[in-house]
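These protein sequence lines are chains A and B, in that order. FYI, the working numbering numbers position 220 of the first sequence as 220, with every residue one higher than the one before it. FYI, the working numbering numbers position 341 of the second sequence as 341, with every residue one higher than the one before it.
Number of protein chains: 2
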Amino acid sequence: MTRTPSHAAARIARVRSHIAAVALDAFVVTHLPNVQYLTGFVGTAGAAIVLRDICLLVVDFRYVSAATDLARPLDGIVRVETFESSYDEAIVECLRKAGASRIGIEAAYLPVSRFNAISAGLAAKAPLPLHSDAGTPVLVPTERIVERARIIKDAVEVEALREGGRRLAKIAAGLTDLVREGRTERAIALDIEVAMRDAGFARPAFETIVASGPNSALPHARPTARTVQAGDPTVLDFGGVYDGYCVDLTRTVQLGAPSAALRGLYAAVAEAQEAALAAVRPGVASSAIDAAARSVLERHGLGEAFGHGTGHGLGLEVHEEPRIARPSGRLPDLTVEPGMVFTIEPGAYVPGVGGVRLEDDVLVTENGCEILTR
Amino acid sequence: MTRTPSHAAARIARVRSHIAAVALDAFVVTHLPNVQYLTGFVGTAGAAIVLRDICLLVVDFRYVSAATDLARPLDGIVRVETFESSYDEAIVECLRKAGASRIGIEAAYLPVSRFNAISAGLAAKAPLPLHSDAGTPVLVPTERIVERARIIKDAVEVEALREGGRRLAKIAAGLTDLVREGRTERAIALDIEVAMRDAGFARPAFETIVASGPNSALPHARPTARTVQAGDPTVLDFGGVYDGYCVDLTRTVQLGAPSAALRGLYAAVAEAQEAALAAVRPGVASSAIDAAARSVLERHGLGEAFGHGTGHGLGLEVHEEPRIARPSGRLPDLTVEPGMVFTIEPGAYVPGVGGVRLEDDVLVTENGCEILTR
Chain A
1 MTRTPSHAAA
11 RIARVRSHIA
21 AVALDAFVVT
31 HLPNVQYLTG
41 FVGTAGAAIV
51 LRDICLLVVD
61 FRYVSAATDL
71 ARPLDGIVRV
81 ETFESSYDEA
91 IVECLRKAGA
101 SRIGIEAAYL
111 PVSRFNAISA
121 GLAAKAPLPL
131 HSDAGTPVLV
141 PTERIVERAR
151 IIKDAVEVEA
161 LREGGRRLAK
171 IAAGLTDLVR
181 EGRTERAIAL
191 DIEVAMRDAG
201 FARPAFETIV
211 ASGPNSALPH
221 ARPTARTVQA
231 GDPTVLDFGG
241 VYDGYCVDLT
251 RTVQLGAPSA
261 ALRGLYAAVA
271 EAQEAALAAV
281 RPGVASSAID
291 AAARSVLERH
301 GLGEAFGHGT
311 GHGLGLEVHE
321 EPRIARPSGR
331 LPDLTVEPGM
341 VFTIEPGAYV
351 PGVGGVRLED
361 DVLVTENGCE
371 ILTR
Chain B
1 MTRTPSHAAA
11 RIARVRSHIA
21 AVALDAFVVT
31 HLPNVQYLTG
41 FVGTAGAAIV
51 LRDICLLVVD
61 FRYVSAATDL
71 ARPLDGIVRV
81 ETFESSYDEA
91 IVECLRKAGA
101 SRIGIEAAYL
111 PVSRFNAISA
121 GLAAKAPLPL
131 HSDAGTPVLV
141 PTERIVERAR
151 IIKDAVEVEA
161 LREGGRRLAK
171 IAAGLTDLVR
181 EGRTERAIAL
191 DIEVAMRDAG
201 FARPAFETIV
211 ASGPNSALPH
221 ARPTARTVQA
231 GDPTVLDFGG
241 VYDGYCVDLT
251 RTVQLGAPSA
261 ALRGLYAAVA
271 EAQEAALAAV
281 RPGVASSAID
291 AAARSVLERH
301 GLGEAFGHGT
311 GHGLGLEVHE
321 EPRIARPSGR
331 LPDLTVEPGM
341 VFTIEPGAYV
351 PGVGGVRLED
361 DVLVTENGCE
371 ILTR
């Protein structure tokens, strides 16, 4: 499915409604995945400024030609602006021309130095009659404005995630050929990354994890020079960026017969994953999905062995909302809705025994979920 | 060469002297390459707090064991702290225990939201007698404190960069075997990335550029499905992370006979690179090295065709100081000193003709420079 002007317009409109709700008349987007979400622009630098009537895409000279091509079908929706000076000066100039006075910024991403530079630039350029009531434009720290819009995937996004999931699952089906006795974790990781590139992924979504034998008991191991041995479990956690979107899966491959203890881990983690998958449907709290997996592992005496959350949202970034985890003060416990895409990845890690993790990606549907990576 | 306690101590001492010069009694380091520089810690999250007598390394539960191993030989220099809550709360707690009152933060990296959270946490926890003169601790935005220390590489860093350069040059020597008629840019890029992994690089330092034929005239092209044709110049720009340090080189490979115009570009860019290399020695301004390359290209009528700077520093990041470019208001024009490592990469890009870029990495020595990538 091709991205059309109506997709961009709908995304920008959604963000604009969030902005209006907090009485901003401009919103400066500097987090690059958010700039990409709103405008389609991909680059190592860039900014978007959502105004009441238009979304400005601010790029430097390197990207003017690509951005202009991108914005051509978005006439009246997105307009490209460039500059000779710096991004911050260009942002100040755009805001000044637009006459913006209450200006949102992305507080979770904008560094203090850029906040100060933009503030100072606005103050210096404000047409402030000394004896009038007109104030200097103010920068308002905001959080989760574009991120909230991104939680529910639109049709273009679903298609990229579904196709990415299908291609990643195909690579996963060949893992038993890669995990052979005597091969190093690093060699296996490299083979997986090459397979992802051959399958059309632009790049790995994160550093591939291949953790064998005792290393499998470390949930965040990096691939080492260790060779896989008979009897080892090997946790393989990898993902790729397909058409801009991140997919991510984990399989645990057993070489030779597992110990009885390890067999218990496999069975418990598989049961926990099935319980979590069965819990996914519109209307449930994201923490309830975590609880479904966690209670199975607790029942098997593995509560302490499961030290991370059950899942995380996927999209332009590999870790997005919703968090599928125990409630915490920091991120909200969201109600699951159709169009959300996230991982389900319970695991159990027992030093001296080994570790098992199983991960798939799901799309929430009207009645439950579609598994994207099987 | 192994990193020893004396290297860590020297780095921390250097940063501590910069901090003392601006009358800070604590400095919160949140930019991860800077945390790595000071403590050796590598992770996806973490912070360092440089105090007058110790450097705290703050990590979450995932990294406690790795960080503790790392800090063991650094007894009295680095101490690991962990937490149950959040990084920002942990930082507040460490600062409170240390009794710090003038606290530097890294303004170019710390997001507004974290600045606000740490400020608020300090204010809430300050033992502020209502009628005393004791003030709330203040956060002071600073810039380039650790970055300045990083500009001059120490012996451990030089060794990693030298070995990385040697290995990268060896891959470059095999490029003519990869650039064959009918192969796509993407396939060539993937071969280069696999060769880097096989040569011991942990990962590419940036997205590999393979730009053939007309694409070679775009300095920031991404690899496409275009196949290389006879007569094409192909710009190959790639780099890897070796032992934590980034090296980076560019070669332009010609398939079949070049046009006369293209032959002129090759000769001019090679001459510009030699002129810049000859200009590298302690005491010159970094802008003078850029001017050496630029004046050669201008003399050949290619001033407009060279739209970027001549080089950039290399280290834990692939773009560091010094900038080797025309003076600008934003970054200082540094005086070159022994121990600096940077690229020399003039290029000329002419639509309709093609592009040529040549890049090597140099280490500044007492009398000139050592080329690391030949």
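Just so it is clear, CB atoms sit at the ideal spot from N, CA and C, and this is done for glycine as well. Bear in mind the structure is a predicted one, so any value in this text is a computation, not a measurement.
* To do: Would you check if there are 3 or more beta carbon pairs closer than 8 Å linking the region 76 to 88 of chain A to the region 98 to 109 of chain A?
  => no
* **Within the region 41 to 127 of chain A, ranges of the alpha helix (DSSP H) (whole runs, at least 4 residues)** => 64 to 71, 87 to 98, 112 to 125
* Along the chain, where does the beta strand (DSSP E) that runs through Val247 (chain B) open and close? -> 245 to 254
* What whole-angstrom Cβ distance do Thr234 (chain A) and Val269 (chain A) have, given they're in contact under 8 Å? -> Not really, about 14 Å apart at Cβ, beyond 8 Å.
* Exposed or buried, which one is Pro351 (chain A) when buried takes at least 16 other CB atoms within 10 Å? -> exposed
* **Assigned exposure category for Glu337 (chain B) - 16 Cβ within 10 Å defines buried** => exposed
* Asked: Using a C-beta to C-beta distance shorter than 7 Å, which residues of chain B count as neighbours of Glu143 (chain A)?
  -> Ser113
* Close-in-space but distant-in-sequence residues of the same chain around Leu218 (chain B) (CB under 8 Å, 5 per side omitted) -> Ala211, Tyr349, Gly355
* To do: Could you work out which residues of chain A lie near Val194 (chain B), taking near to mean beta carbons separated by less than 8 Å?
  => Leu190, Val194
* Collapsed DSSP secondary structure at Thr176 (chain A) in the structure displayed -> helix
* To do: Specify the secondary structure class of His18 (chain B) as computed by DSSP and reduced to three states.
  => helix
* **Interface residues of chain A facing Asn116 (chain B) [CB-CB closer than 8 Å]** => Ala107, Pro141
* To do: Taking only the alpha-carbon atoms, compute the straight-line gap between Gly46 (chain A) and Ile91 (chain A) and give it to the nearest angstrom.
  => 10 Å
* Any idea what DSSP makes of Thr30 (chain A), helix, strand or coil? -> coil
* Close Cβ partners of Gly149 (chain B) (< 6 Å) along its chain, the five nearest in sequence each way excluded -> Note on identity: in this sequence residue 149 (chain B) is Ala, with Gly being the wrong assignment. Hits under 6 Å: Arg14, Val15.
* By Cβ distance below 6 Å, which residues in the same chain neighbour Gly182 (chain A) in space, the five residues on each side in sequence not counted? -> Thr227
* Asked: Using the rule of at least 16 other Cβ atoms within 10 Å of the residue's Cβ for burial, across every protein chain shown, is Gln229 (chain B) buried or exposed?
  -> exposed
* Evaluate Leu297 (chain B) with the Cβ neighbour count: other Cβ atoms within 10 Å of its Cβ, from every protein chain shown; 16 or more gives buried, anything less gives exposed. => buried
* Using a Cβ cut-off of 7 Å, which residues of the region 11 to 30 of chain A contact any Cβ in chain B, in chain order? -> none
* **Within 7 Å, strictly: CB atoms of Gly165 (chain A) and Thr373 (chain A)** => yes
* Asked: Is the CB-CB distance between Leu334 (chain A) and Tyr37 (chain A) below 7 Å?
  -> no
* **Thr44 (chain B), buried or exposed, once every other Cβ within 10 Å from all chains shown has been counted against 16** => exposed
* **Simplified DSSP state of Pro204 (chain A), which is helix, strand or coil** => strand
* Cβ separation of Phe378 (chain A) and Val362 (chain A), assumed to be a contact under 8 Å, to the nearest whole Å -> The requested residue 378 (chain A) is not part of the displayed model; chain A covers only 1 to 374.
* For His312 (chain A), which residues in chain B fall below 8 Å Cβ to Cβ? -> By Cβ distance, chain B contributes nothing, its closest Cβ being about 13 Å from His312 (chain A), past 8 Å.
* Asked: Residue range of the beta strand (DSSP E) that Arg375 (chain A) falls in?
  -> With chain A running from 1 to 374 in the structure shown, residue 375 (chain A) is simply not present.
* Within 10 angstroms of the Cβ of Val253 (chain A), are there 16 or more other Cβ atoms? Answer buried if so, exposed if not. => buried
* Touching or not, the region 319 to 327 of chain A and the region 156 to 172 of chain A, by the rule of three or more beta carbon pairs under 8 Å? -> no
* Which one of A:Ala100, A:Glu89, A:Ala260 has the shortest CA to CA distance from Phe115 (chain A)? -> A:Glu89
* Pull up the CB-CB distance for Ile77 (chain B) and Ile12 (chain B), whole angstroms please, since I reckon it's below 8 Å. => 6 Å
* **Short CB-CB distance (under 7 Å) between His319 (chain A) and chain B** => no
* Asked: Nearest CA to the CA of Leu265 (chain B): which residue from B:Ala285, B:Val80, B:Gly301?
  -> B:Gly301
* From Leu277 (chain B) to Pro223 (chain B), what does the alpha carbon distance come to, in whole angstroms? -> 29 Å
* Please confirm if Leu110 (chain A) has its CB atom under 7 Å from at least one CB of chain B. => yes
* Measuring alpha carbon to alpha carbon, tell me which of B:Asp69, B:Arg72, B:Glu81 ends up nearest Asp60 (chain B). => B:Glu81
* Cα-Cα separation between Ala195 (chain B) and Arg203 (chain B), rounded to whole angstroms -> 11 Å
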